[in-house]
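There are 2 protein chains.
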Amino acid sequence: MRDNVGMTTGGQPLRTIADAGEFGLIAEVTRGLGTGPSVLIGPGDDAALLAVGAGGVLVSTDLLIEGRHFRRDWSSAYEVGRKAAACNLSDVNAMGGRATALTVGFAAPAGLPMEWATDLARGIEDEAASIGAHVIGGDTSASESIVVSVTVLGEADRVVPRGGARPGDVVAVAGTLGLAGAGLAALSRGFRSPKAAVEAHRVPEPPYAAGPAAAAAGATAMTDVSDGLLADLGHVVEASGVAADLDPAAFVVPEAVRTVAEALGGDPLRFVLAGGDDYALVATFSPQATMPPAFRPVGVVREGSGVTVAGAPFDGSTGHQHFH
Amino acid sequence: MRDNVGMTTGGQPLRTIADAGEFGLIAEVTRGLGTGPSVLIGPGDDAALLAVGAGGVLVSTDLLIEGRHFRRDWSSAYEVGRKAAACNLSDVNAMGGRATALTVGFAAPAGLPMEWATDLARGIEDEAASIGAHVIGGDTSASESIVVSVTVLGEADRVVPRGGARPGDVVAVAGTLGLAGAGLAALSRGFRSPKAAVEAHRVPEPPYAAGPAAAAAGATAMTDVSDGLLADLGHVVEASGVAADLDPAAFVVPEAVRTVAEALGGDPLRFVLAGGDDYALVATFSPQATMPPAFRPVGVVREGSGVTVAGAPFDGSTGHQHFH
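These protein sequences, in sequence, are chains A and B.
Quick note on numbering that gives the first Met the number 0: the first sequence kicks off at 0 and runs consecutively.
Quick note on numbering that gives the first Met the number 0: the second sequence kicks off at 0 and runs consecutively.
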């Protein structure tokens with residue numbers, strides 16, 4: 000427990016949600032949640048799976064908060080809308096499903112220009128429509144800062160959870176890695192370029208077709224890369240009770256990532272392995288499986304625990320938590 | 000357009016979301032939303048209905064914002080959780096359905112005591128479990144103030160929309176009206192009583208069994224009373240292209256509502272007809288239908304438009320909009 004906590008109660012330091020951290024908070028609030036026959040997959044995966052009639056619906060919720068997930072001086076309202084939809088659609092993609100619908104909770108200061116709200120809505124709808132999904136409901140309220148809460152619903156012929164990776168499986172990724180993180184780093188230092196990186200931060204391009212393709216190809220486990228590959232693959236190996244080792248030579252480092260790393264100093268591979276917000280997919284496949292063309296092998300699943308790079312822990316940040 | 004707008008662009012006053020108002024904002028952002036074969040009921044009703052396999056899933060999202068929908072000095076975290084779940088479960092109830100699952104987006108300042116978050120989660124789960132529903136997913140983030148975004152999913156054997164009321168139908172209500180509004184008025188003036196009213200504001204008690212019962216009994220239209228009976232029945236008559244007239248003698252005014260009206264001055268019927276947050280149901284039934292016992296007749300549907308009380312417009316507030 001950290002000791003920099005001002006409030007106390009009866010001499011005990013009051014534990015805050017920052018002390019618990021994002022994952023600690025989620026663990027505590029989801030502990031002991033009831034379940035029922037209709038809950039096929041509960042909290043802890045990219046999306047939950049709820050029985051509906053003879054079938055099932057995938058559902059996931061993601062928040063975008065001004066100042067935490069976006070800045071109005073870095074991204075247009077339309078771009079924030081595209082990203083809010085994309086990171087939710089990605090959660091269904093990561094289960095091997097196809098998103099069909101979104102609901103949107105939108106809270107904002109009363110003085111927000113109407114155009115910002117309508118541009119946001121257009122961005123959400125355009126991103127959804129790009130894969131045949133639609134906004135079907137929502138709620139609005141006034142608030143101190145802008146909050147966009149999106150819930151996505153979808154369907155899958157076969158659901159790929161996080162916990163199915165087995166020793167000997169191939170680790171593979173689909174989509175871009177590192178660009179969005181490099182873009183955020185550039186924007187944070189006051190740069191507006193390189194364009195490819197900054198645009199990837201503003202509007203990610205999840206490999207939407209790759210999720211259902213991986214499911215059809217028999218992927219044993221899958222998640223999307225929102226917090227960084229090492230962190231998100233970490234969730235897969237933890238849920239699966241295995242370890243994974245990545246081959247650093249297997250990764251293509253985008254030119255824009257190299258440019259940012261050179262300008263700011265540091266290892267470009269850090270953006271690829273630990274940068275978040277690209278909404279790529281990482282999946283595991285049996286060595287006998289035929290991987291869909293969108294995936295490229297980057298490592299292997301082993302017995303044990305944790306994620307290593309060329310057999311050793313990677314020296315760098317491994318994803319971000321929102322309360323730290 | 001209001002002219003108290005400070006920001007201008009090219010000499011034109013910049014229109015804000017406060018200028019548009021909550022319903023204006025919703026109308027603008029939902030205008031032109033795409034639709035598809037899977038969207039059976041889109042935006043504009045209590046919940047949307049999405050096709051899933053051969054069946055369908057009801058879905059609705061509601062936001063609760065600190066300082067707008069609750070105050071930490073008026074309600075405990077557990078009570079806020081109960082209410083956040085209740086107002087969402089009520090949306091499925093208002094479609095004639097049964098809620099099965101919730102997702103929760105939770106944003107809060109990093110210094111919030113952990114206990115507040117876990118109490119909130121317990122309140123949400125307890126309210127959901129009271130009707131056999133469960134929390135199956137969510138997201139957390141840091142933010143300036145507390146935001147609770149709940150999405151509910153449910154099923155219905157028969158869905159009751161807002162737009163089916165016909166001239167000659169009986170208007171009927173199930174559940175309590177006026178208590179929560181009176182409780183809010185009391186709290187706003189610094190009172191902590193009467194208990195029945197204050198508790199109704201903190202934790203509403205929607206008539207959960209009455210929604211599916213109304214659907215089974217052939218209700219022609221239904222909605223829940225979140226913004227006040229006159230406002231919410233107004234949405235029903237507008238969607239149905241009809242008018243409604245209420246009989247003021249048909250309403251039972253709870254004792255606690257009378258107490259608050261006497262203490263603060265004013266007509267107790269104002270709380271019953273225009274007070275929000277009780278999450279009662281208002282439905283319309285053919286005169287030949289056998290209403291479920293939870294419902295009591297309070298008026299009639301007529302040709303025309305708008306809602307009247309004893310043939311005349313009601314002189315008082317007709318619900319609240321969040322941006323005014």
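Cβ atoms here follow ideal geometry from the backbone N, Cα and C, with glycine treated the same way.
**Request:** Verify the CB distance criterion: does Ser148 (chain A) have a CB-CB separation below 8 Å to chain E?
**Result:** The question asks about chain E, but that chain is absent: this structure's protein chains are A and B.
**Item:** With 16 other Cβ atoms within 10 Å as the buried cut-off, status of Ser148 (chain A)
**Value:** Its Cβ being crowded by 16 or more others within 10 Å, Ser148 (chain A) is buried.
**Item:** Backbone CA spacing between Ser187 (chain A) and Val256 (chain A) [nearest angstrom]
**Value:** 15 Å
**Asked** Is it true that the segment 161-169 of chain B meets the segment 235-246 of chain B, where meeting means three or more beta-carbon pairs spaced less than 8 Å apart?
**Response** yes
**Message:** Looking at the secondary structure, which residues open and close the alpha helix (DSSP H) in which Met113 (chain B) lies?
**Reply:** 113-128
**Prompt:** Excluding five sequence neighbours on each side, which residues of the same chain lie with their C-beta closer than 8 Å to the C-beta of Arg157 (chain B)?
**Reply:** Gly95, Ala214, Ala215.
**Message:** Please confirm whether Glu126 (chain B) has its beta-carbon closer than 8 Å to some beta-carbon of chain A.
**Reply:** No - not a single Cβ of chain A is within 8 Å of the one on Glu126 (chain B).
**Prompt:** At what residues does the alpha helix (DSSP H) containing Val306 (chain B) begin and finish?
**Reply:** Unbroken run through Val306 (chain B) is the beta strand (DSSP E), 305-308; no alpha helix (DSSP H).
**Asked** In chain order, what residues of the same chain lie with their CB nearer than 8 Å to the CB of Gly174 (chain B), ignoring the 5 residues before and after it?
**Response** Glu204, Pro205, Pro206, Ala209, Val224, Asp277, Tyr278, Ala279, Leu280, Ala293
**Asked** Are three or more beta carbon pairs between the segment 132-142 of chain B and the segment 252-271 of chain B nearer than 8 Å?
**Response** no
**Proximal chain B residues relative to Asp61 (chain A), where beta-carbon distance stays under 8 Å** = Gly104, Asp138
**Prompt:** Which chain A residues sit within Cβ distance under 8 Å of Glu78 (chain B)?
**Reply:** Neighbours of Glu78 (chain B) in chain A, taken as residues whose beta carbon is under 8 Å from its own, are absent, since the nearest beta carbon is some 16 Å off.
**Asked** Which first and last residues belong to the beta strand (DSSP E) in which Pro267 (chain A) is found?
**Response** No beta strand (DSSP E) contains Pro267 (chain A), which is instead part of the alpha helix (DSSP H) from 267-273.
**Message:** Any C-beta of chain B within less than 7 Å: which residues of the segment 26-45 of chain A qualify?
**Reply:** Glu27, Val28, Leu32, Gly33, Thr34, Gly35, Ser37, Val38, Gly41, Pro42
**Prompt:** Leaving out the 5 sequence neighbours to the left and right, which residues in its chain are closer than 7 Å to Ala288 (chain B) when beta-carbon positions are compared?
**Reply:** Excluding its 5 nearest sequence neighbours in each direction, Ala288 (chain B) has C-beta neighbours in its own chain below 7 Å: Ala216, Gly217, listed in chain order.
**Message:** Assess contact between the segment 109-126 of chain A and the segment 67-86 of chain A, defined as three or more Cβ pairs (one per stretch) separated by less than 8 Å. Is contact present?
**Reply:** Flag = yes, the segment 109-126 of chain A and the segment 67-86 of chain A touch.
**Message:** Going by DSSP in three states, Asp314 (chain A) sits in which element: helix, strand or coil?
**Reply:** coil
**Asked** Going by the beta-carbon positions, is the gap between Ala87 (chain A) and Val38 (chain A) smaller than 8 Å?
**Response** The displayed chain sequence assigns Asn, not Ala, to residue 87 (chain A). Cβ distance not < 8 Å, so Asn87 (chain A) and Val38 (chain A) don't count as in contact.
**Item:** Integer Cβ distance of Val146 (chain A) from Leu62 (chain A), believed to fall under 8 Å
**Value:** 7 Å
**Any chain B beta carbon closer than 8 Å to His133 (chain A)** = At least one CB of chain B lies nearer than 8 Å to the CB of His133 (chain A).
**Prompt:** At a CB-CB cut-off below 8 Å, which residues of chain B make contact with Thr117 (chain A)?
**Reply:** Glu27, Val28
**Prompt:** If you count every other CB in all the chains shown that lies within 10 Å of the CB of Val308 (chain B), and 16 or more means buried, which is it?
**Reply:** buried
**Request:** State the DSSP-derived secondary structure class of Ile135 (chain B), mapped to helix, strand or coil.
**Result:** strand
**Asked** Mind checking if Ala107 (chain A) is an interface residue toward chain B, Cβ cutoff 8 Å exclusive?
**Response** At least one CB atom of chain B sits nearer than 8 Å to the CB of Ala107 (chain A).
**Message:** Between B:Glu154, B:Phe190, B:Ala262, which has its C-alpha nearest Asp89 (chain B)'s C-alpha?
**Reply:** The residue asked about is misnamed: residue 89 (chain B) is Ser in this sequence, not Asp. Nearest C-alpha to Ser89 (chain B): B:Glu154.
**Message:** How far does the beta strand (DSSP E) with Gly233 (chain A) in it extend, from its first residue to its last?
**Reply:** Careful: Gly233 (chain A) lies outside any beta strand (DSSP E), inside the alpha helix (DSSP H) at 228-239.
**Glu21 (chain A): contacting residues in chain B (beta-carbon distance under 8 Å)** = Within chain B, the residues near Glu21 (chain A) are Thr139, Ser140.
**Asked** So, is the C-beta of Gly52 (chain B) closer than 8 Å to a C-beta in chain A?
**Response** The beta carbon of Gly52 (chain B) falls within 8 Å of a beta carbon belonging to chain A, placing the residue at that interface.
**Item:** Nearest residue (CA-CA) to Ala184 (chain A), options A:Thr102, A:Val259, A:Gly110, A:Ala195
**Value:** Of the candidates A:Thr102, A:Val259, A:Gly110, A:Ala195, the one whose C-alpha sits nearest the C-alpha of Ala184 (chain A) is A:Val259.
**Asked** To the nearest angstrom, how far is it from the Cα of Leu111 (chain A) to the Cα of Gly305 (chain A)?
**Response** 45 Å
**Message:** The alpha helix (DSSP H) that contains Pro211 (chain A), what's its start and end?
**Reply:** 209-215
**Prompt:** Can the beta-carbon of Leu49 (chain B) be found closer than 8 Å to that of Thr99 (chain A)?
**Reply:** yes
**Asked** Among residues of its own chain, excluding the 5 on either side of Gly137 (chain B), which ones have a beta-carbon nearer than 7 Å to its beta-carbon?
**Response** Thr102, Val103, Gly104, Phe105
**Request:** Sort B:Pro211, B:Arg81, B:Ala109, B:Gly274 by Cα distance to Glu143 (chain B) and report the nearest one.
**Result:** B:Ala109
**Item:** Cutoff 8 Å: Ser144 (chain A) Cβ touching any chain B Cβ
**Value:** Chain B, which has a Cβ nearer than 8 Å to the Cβ of Ser144 (chain A), makes this yes.
**Prompt:** Ala109 (chain B) lies in the beta strand (DSSP E); which residues open and close that run?
**Reply:** Ala109 (chain B) -> no beta strand (DSSP E), and no H or E assigned at all.
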